[in-house]
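Please read the structure below before turning to the comments.
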Amino acid sequence: MENKREQIRSNPTPVQERYRAEEEASLLEVLMVKSARNRTSAKQVIASGRVSVDDRWTTRATETVSAGTVITVHKGVPPAPFTHPKLEIVWENNDYVVAHKKNGLPTVNTSHNKRQDTALFLLSRHYKKGDEEAKIFMVNRLDRNTAGFVVFAKNINAKELLVKEWSRRVKRQTFVACIEGELEGKETVLSATSDDTKGNSPKLISARVKVDKSGANDGMHIVQAEVGGVRIFSLRKLFGDNGLSIMGDVRSKSQFKTDNSIALEQIALEITFPGEQGTKHFERPYPTHYFSWLRYDKKEI
Numbered sequence: 238m239e240n241k242r243e244q245i246r247s248n249p250t251p252v253q254e255r256y257r258a259e260e261e262a263s264l265l266e267v268l269m270v271k272s273a274r275n276r277t278s279a280k281q282v283i284a285s286g287r288v289s290v291d292d293r294w295t296t297r298a299t300e301t302v303s304a305g306t307v308i309t310v311h312k313g314v315p316p317a318p319f320t321h322p323k324l325e326i327v328w329e330n331n332d333y334v335v336a337h338k339k340n341g342l343p344t345v346n347t348s349h350n351k352r353q354d355t356a357l358f359l360l361s362r363h364y365k366k367g368d369e370e371a372k373i374f375m376v377n378r379l380d381r382n383t384a385g386f387v388v389f390a391k392n393i394n395a396k397e398l399l400v401k402e403w404s405r406r407v408k409r410q411t412f413v414a415c416i417e418g419e420l421e422g423k424e425t426v427l428s429a430t431s432d433d434t435k436g437n438s439p440k441l442i443s444a445r446v447k448v449d450k451s452g453a454n455d456g457m458h459i460v461q462a463e464v465g466g467v468r469i470f471s472l473r474k475l476f477g478d479n480g481l482s483i484m485g486d487v488r489s490k491s492q493f494k495t496d497n498s499i500a501l502e503q504i505a506l507e508i509t510f511p512g513e514q515g516t517k518h519f520e521r522p523y524p525t526h527y528f529s530w531l532r533y534d535k536k537e538i
């Protein structure tokens, strides 16, 4: 399970020098020989945090490196760990970033104002601290009021490749929602027409919906929705087109207000990234507090 950011990360700043150790020795000794620096200068470079050993940075001059190890001196120090109350980087490699966002934070700017209050802007600003030329590109998007995992690419080629192959690389997307309305049976498939047409013919989108628990009068339900590999997918539209409302979603005629949020959260994403071995599993705990809302399932509201 990929439930926290990996501790070993590469230095994203531009490369100044790169060497390969020819035999086992201390990092300090290899750097002195390869770069022709004196002991003091080599120590200073290592202590500055600008040196990477293979795919991780280090400040330990006495660290032993084996033959064949790649030692890189970067032009800048790696940026401080990313921190934000509504956004967390949970995994990254040289081409992609997976972040978990809380509700209330847009993925991108769709209203042409406050662009600094988006996941895309926050991540772009973070990576530019290490490299002024760094760019971040959105691969998938979640609504402002939906918590869950969003994927970004660090270059345009990586973005275009993953967007093109998204449907086969995404193995599972799981959402939990509290919905209002009547459902037929404990498990069903809901379908709707996608708005993400880009001038092409409308696309049919669907999700397998399983009821975890229903209210006393079968008018409210806590459900899990399993979504296939759809890049931009609105469950709000899917439920709305089927006569259902997500609790708190006034656009789909919900009868409740939930402090500018809606009862919808992504709890799982399984995806295989280009160039990575195996499937990455990203998960969040089940929002069990949703069950308390079923007490509002009354005959008259």
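Numbered by our numbering, the letters in the sequence shown go through residues 238 to 538 in order.
Note that the Cβ used here is the ideal one computed from N, Cα and C, for glycine as well.
This structure is a prediction, so every number in the text was calculated from the model and none was measured.
- Membership of F358 in the alpha helix (DSSP H) is indicated by the continuous run 356-365.
- In this structure, the straight-line span from the alpha carbon of V376 to that of A384 is close to 16 Å.
- In this structure, DSSP gives V334 an extended state, which the three-state scheme calls strand.
- Sequence-distant Cβ neighbours of Y333 in its own chain, meaning closer than 8 Å and more than five residues away, are V376, V388, F389, A390, K391, A395, L399, F510.
- With 16 or more other Cβ atoms from the protein chains shown falling within 10 Å of its own Cβ, P343 counts as buried.
- Excluding sequence positions up to five before and after N479, its CB lies within less than 6 Å of the CB of L427, all in the same chain and listed in chain order.
- Residue burial annotation: T301 is exposed, with fewer than 16 other C-beta atoms found within 10 angstroms of its C-beta.
- In the three-state scheme derived from DSSP, where H, G and I count as helix and E and B as strand, Q253 is classed as strand.
- Under the rule that a run must span 4 or more residues, the alpha helix (DSSP H) segments found entirely inside the region 260-337 read 264-272, 276-284.
- Between the C-alpha atoms of Y533 and S451 there is a straight-line separation of about 11 Å.
- Membership of D478 in any beta strand (DSSP E) is not indicated; the residue belongs instead to the alpha helix (DSSP H) covering 472-478.
- For E370, the closest alpha carbon among the candidates L265, S272, P251 is that of P251.
- L441 carries a strand assignment under DSSP once its states are collapsed to helix, strand and coil.
- Beta-bridge partners of L379 (DSSP): none assigned.
- The distance from the Cβ of F386 to that of V464 is about 12 Å, inconsistent with a contact at the 8 Å cut-off.
- Taking a 10 Å sphere around the C-beta of D292, we find fewer than 16 other C-beta atoms and assign the residue as exposed.
- With fewer than 16 other Cβ atoms from the protein chains shown falling within 10 Å of its own Cβ, L441 counts as exposed.
- In the DSSP assignment, R521 forms no beta bridge with any residue.
- In the three-state DSSP reduction, E397 falls in the helix class (H, G or I).
- By alpha-carbon distance to F519, the top candidate from R287, V314, I508 is I508.
- Taking a contact as a CB-CB distance under 8 Å, the pair L359 and L324 counts as one, their CB atoms being some 6 Å apart.
- Around the beta carbon of N340, a 10 Å sphere encloses 16 or more other beta carbons of the protein chains shown; the residue is thus reported as buried.
- L420 sits in coil when the DSSP states are folded into three classes, being neither helix nor strand.
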